[in-house]
Amino acid sequence: MTNKPFRPATIAAQAGGAKGAGGAVVPGVEVATTFARNAAYELTGDGSYGRDRNATVAQAEEVLRQLEGAAETRLFGSGMAAAAAVFQALPNGARAVVQAGIYWGVTHWLAGFCAKRAITLDTVDAADPTAIKAALADPADLVWIEVPSNPWIKIADIARVAELAHAAGALLAVDGTAATPVLTQSLALGADISMHSGTKAINGHSDVIAGVLSCRQPELPLWRDICAQRAEAGALLGPMEAWLLMRGMRTLPLRIERMCATAQKVAAAMHAHPFIETVWYPGLSDHPGHELAQKQMCGGAGYLMSVLIKGGADDALGVAGRLQLIHRATSLGGTETLVEHRATVEPQSGIPGNLLRLSIGLEDPEDLIADLDQALRD
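Note that this note's numbering has the sequence shown beginning at 115, numbered continuously upward.
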């Protein structure tokens, strides 16, 4: 048997080597909340109390750790909980440089949290290396970027941002939700912490809420604080959710491969459509981050894109309303293709009113293109 690391498809298909009881090839679910001690009051197993440790959660974390190429991985109850855990570990008075135009939930939460903790929060266009360099002319504690960004679909150079962050004394955290560890290995590119909303493509079936953090160097004080806070506050993912997440991950590389291939076809068709103003998708050669995405993303340009309809907000809403196959719903990364009018969700964010965000699923690409075409032409 080779000692070389297994590739993502093998890691995922075999759940990182996890086995169930009695020789089962499918891992089981550990639902116990408390664990026995012997007559000397010594623990008889690894567990003590289910608030800070669960065997099923640990198995799911191990699959993600291997996929991420990480030293350690921790699961949380949601993507927002994972993101919040990073900033909650910063000291009062810290300075954070955060990419502009990222997921609105993080942006909204950060504004209030940083104000309460006297954390200086500076936002910057992370896809512009000169802007990042200028923002990091002064020391910082943390840089947070999202690659690709949602819904602007910008591609930041993770390796370059890591270099600039470390020179300024900062750690780099990367939200790679729209890429997953299958497409982008942010830790290998120099990031200190990788974050994903497991709710999205990692689970892939729109039936689990979860978040994940992974680190490159577990001895980092920030990482140790994150782990301690999760254990002490009991912010552990539930065992059934962890099991469902693990089940979803077993097909993750296969799903991502298909979703990327379909997204490329849909993006090309929309790019050529007479009623589309432009398409933001890094797989298209005219996208500003196309070359970087080819270098930084392995095996495809992702499943997320934004299309700008010719006209205004009413025109975009009309197109979304006429779609018959594509679901109008919030989220991304599931087996079903979703459309969202982001300006309705984020009315004060500067998002163009004619923008529709598409999360491409596992349907036949020709069916998706036909549905979009009839909605655009009606």
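Cβ atoms here follow ideal geometry from the backbone N, Cα and C, with glycine treated the same way.
None of these values were measured; they are calculated from a predicted model.
In this structure, residue 380 keeps its C-beta atom at 9 Å or more from the C-beta atom of residue 411. Between the C-alpha atoms of residue 438 and residue 222 there is a straight-line separation of about 32 Å. Counted as a single uninterrupted DSSP element, the stretch harbouring residue 411 is not any beta strand (DSSP E), since DSSP gives it neither H nor E. The Cβ atoms of residue 282 and residue 254 sit closer than 9 Å to each other.
Checking the DSSP bridge columns, you'll see residue 325 partnered with 190, 311. For residue 233, there is no enclosing beta strand (DSSP E), as DSSP gives it neither H nor E. Less than 9 Å separates the beta-carbon of residue 337 from that of residue 186.
Boundaries of the beta strand (DSSP E) around residue 471: 469 to 473. Excluding sequence positions up to five before and after residue 239, its CB lies within less than 6 Å of the CB of 214, 245, all in the same chain and listed in chain order.
With 16 or more other CB atoms across the displayed protein chains lying within 10 angstroms of its CB, residue 376 is buried.
Excluding five sequence positions before and after residue 469, the CB atoms of its chain that fall closer than 7 Å to its own CB belong to 265, 420, 422, 430, 456, 457, given in chain order. Here residue 307 is near residue 330, since their CB atoms are less than 9 Å apart. Contact annotation: the region 470 to 481 does not touch the region 340 to 348, with fewer than three C-beta pairs closer than 8 Å. One Cα belongs to residue 206, the other to residue 143, and the distance between them is close to 39 Å. In the DSSP annotation of this structure, the continuous segment of the alpha helix (DSSP H) that includes residue 359 starts and ends at 353 to 363.
Between the region 129 to 137 and the region 170 to 182 there are three or more inter-stretch CB-CB distances shorter than 8 Å, so the stretches are counted as touching.
At the C-beta level, residue 414 and residue 370 come within 9 Å of one another. With contacts defined as CB atoms closer than 9 Å, residue 311 and residue 399 fail to qualify as a contacting pair. About 6 Å separates the CB atoms of residue 233 and residue 210; that is less than 8 Å, so the two are in contact. The three-state secondary structure of residue 258, taken from DSSP, is strand. Taking a C-beta distance under 9 Å as the contact criterion, residue 449 and residue 459 do not qualify as a contact pair.
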